[in-house]
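Numbering (this note's numbering), first residue to last: 37 to 187.
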């Protein structure tokens, strides 16, 4: 099992951070275009899920989240959105189960603590904090489904 990459978007679709570990194939387009495609796809999937749900997603305590993940024949995309609209997206291989707690940890313990609470990090812009980058990398590499052999 392995982690391929991670995107962090703000509520307006700005990619605040991108990391990759075991990504074997590149998109073949500039990174800015890739970020726009990813955010557009997420926006569309969330809209689709909310419109097609047979249940009122806001009437149930467990159902508020709607879209949590999807998978193709080659990878699984995991999605977590905060109440403030920050979106954390991680692509893994198919063997990785639900990782909502991992994505929440990336947001709350790393992004909030090292970026939002840091007066030197302007919000709404690409994260420039080397401390955030290194702690994120260490955390992802420490996950039980991160394989050093993949790639």
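Built from N, CA and C at the ideal position, the CB exists for glycine as well.
Quick one: using the 10 Å Cβ neighbour count with 16 as the cut-off for buried, is residue i buried or exposed?
| i | result |
| --- | --- |
| residue 41 | buried |
| residue 117 | buried |
| residue 142 | buried |
Please report how far the alpha carbon of residue i lies from the alpha carbon of residue j, in whole angstroms.
| i | j | result |
| --- | --- | --- |
| residue 96 | residue 102 | Legend: pLDDT at residue 96 = 43, less than 50; position of this residue unreliable, no value from coordinates given. |
| residue 152 | residue 146 | 9 Å |
| residue 98 | residue 154 | Its pLDDT being 40, under 50, residue 98 is placed unreliably by the model, and the measurement read from it follows with that caveat. Their backbone Cα atoms lie some 33 Å apart in a straight line. |
| residue 54 | residue 88 | 30 Å |
| residue 176 | residue 128 | 11 Å |
| residue 122 | residue 159 | 11 Å |
Taking the alpha carbon of residue i as the reference point, which residue from the options has its own alpha carbon closest?
| i | options | result |
| --- | --- | --- |
| residue 72 | 180, 47, 57, 38 | 47 |
| residue 58 | 75, 49, 39 | 39 |
| residue 150 | 126, 166, 161 | 166 |
Measure the CB-CB distance between residue i and residue j and report whether it falls below 9 Å.
| i | j | result |
| --- | --- | --- |
| residue 124 | residue 179 | no |
| residue 112 | residue 130 | yes |
| residue 135 | residue 168 | no |
| residue 157 | residue 163 | yes |
Residues bridged to residue i by DSSP?
| i | result |
| --- | --- |
| residue 55 | 42 |
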